[in-house]
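Novice: Its first residue numbered 1, the sequence shown is counted upward by one per residue in UniProt numbering.
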Amino acid sequence: MRHGKVLHAFGGPSCNIDPCFAVRKAGDIEHRRRGWKGPWRSSSPTPCSNRRLYTSLSADKVRLHFINRDGEKYSVSAREGESLLEVVINQNINIDGFGACEGTLACSTCHLIFEKAAFQQLGEISDDELDMLDLAYGLTNTSRLGCQVCVKKWMDGLTVQVPTEVSDIRRELEVEKQKKQ
Numbered sequence: 001m002r003h004g005k006v007l008h009a010f011g012g013p014s015c016n017i018d019p020c021f022a023v024r025k026a027g028d029i030e031h032r033r034r035g036w037k038g039p040w041r042s043s044s045p046t047p048c049s050n051r052r053l054y055t056s057l058s059a060d061k062v063r064l065h066f067i068n069r070d071g072e073k074y075s076v077s078a079r080e081g082e083s084l085l086e087v088v089i090n091q092n093i094n095i096d097g098f099g100a101c102e103g104t105l106a107c108s109t110c111h112l113i114f115e116k117a118a119f120q121q122l123g124e125i126s127d128d129e130l131d132m133l134d135l136a137y138g139l140t141n142t143s144r145l146g147c148q149v150c151v152k153k154w155m156d157g158l159t160v161q162v163p164t165e166v167s168d169i170r171r172e173l174e175v176e177k178q179k180k181q
C-alpha cells in the first residue's frame, strides 16, 4: 500500500486522465491477493475518463439492480459511462456511508460484489483499486469498487450486492491517530 498518495491532485471524480494506462485485467486479481505485484501501475483514481462524453451523448438507459446491506433491492436506470457510485448517488439509493470519499479512490465504502460472469466482463482493475479492496470488509473474488466500474450497455439487468459490513480506512486512520495522542 502506498500511504500518503494524494489522489485529489488528479481532479477527483471528474478527472479525465486515461485509466487504461498500465493496468491489469480483472482475472489477475487473485495473483494480487496472494501477494504478487506485477509491473503495472495506474495513476488514475477514476476509470470513467470519458464519462462526460458518454453521459451527454447517450440517451440509452441501462437498468441496474442494487441489493443493499438490509437485503432491499433497488432497481434504477443509469446512463452509459456513469460510475456505479454516481448511479447510487444520482438515484438516491439508500446505502448508508456509500462513497464516502466521493470517488477519489481513498476509501472502500463503495465496495460491491458482482456475480462471477459479470465480474469477468468488467475488464481492467488498477493496483490502486486493489489496494483499497485489500482494506474492505467482506472481500470476495468478485469484489470491485463502485467508483471504478463504469456503466456499459451489456450491464442491462445487472444485479450487484452491497456487502453487509463496510470499512472506511480514513476513519480507521483517524481513530488510530487519536489513540496515539
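All residues carry an ideal CB built from backbone N, CA and C; glycine is no exception.
#1: Indicate the three-state DSSP secondary structure (helix, strand or coil) for phenylalanine 119 in the structure shown.
#2: Just curious, the alpha helix (DSSP H) that isoleucine 89 is in, first and last residue?
#3: Mind pulling the beta strand (DSSP E) runs of 3 or more residues that sit fully within the UniProt domain "2Fe-2S ferredoxin-type" (62 to 166)?
#4: Among residues of its own chain, excluding the 5 on either side of aspartate 156, which ones have a beta-carbon nearer than 7 angstroms to its beta-carbon?
#5: Indicate whether the contact test is met: 3 or more Cβ pairs, each with one atom in the stretch 106 to 114 and one in the stretch 132 to 149, closer than 8 angstroms.
#6: Helix, strand or coil, according to DSSP, for glutamine 181 in the structure here?
#7: Going by C-alpha distance, which of Gln181, Gly123, Pro163 and Gln178 is nearest isoleucine 67?
#8: Nearest CA to the CA of serine 75: which residue from Leu133, Asn90, Lys152 and Thr159?
#9: Measuring straight from C-alpha to C-alpha, what distance separates lysine 73 and alanine 106?
#10: Excluding the five sequence neighbours on either side, which residues of its own chain have a C-beta within less than 7 angstroms of the C-beta of lysine 152, listed in chain order?
#11: Rounding to the nearest angstrom, what Cα-Cα distance links aspartate 179 and isoleucine 125 in this structure?
Specialist: If we stick to the structure as given:
#1: Note: phenylalanine 119 maps to helix in three-state DSSP.
#2: 84 to 90
#3: As far as the UniProt domain "2Fe-2S ferredoxin-type" (62 to 166) is concerned, its whole beta strand (DSSP E) runs of at least 3 residues are 73 to 79, 111 to 113, 143 to 145 and 158 to 161.
#4: Val62 and Arg63
#5: Taking 8 angstroms as the limit for Cβ pairs, the verdict is that the stretch 132 to 149 does touch the stretch 106 to 114.
#6: coil
#7: Answer by Cα proximity: Pro163.
#8: Nearest in C-alpha terms to serine 75, of all of Leu133, Asn90, Lys152 and Thr159, is Thr159.
#9: 27 angstroms
#10: Glu80
#11: According to the sequence shown, residue 179 is lysine rather than aspartate. Roughly 34 angstroms between the two C-alpha positions.
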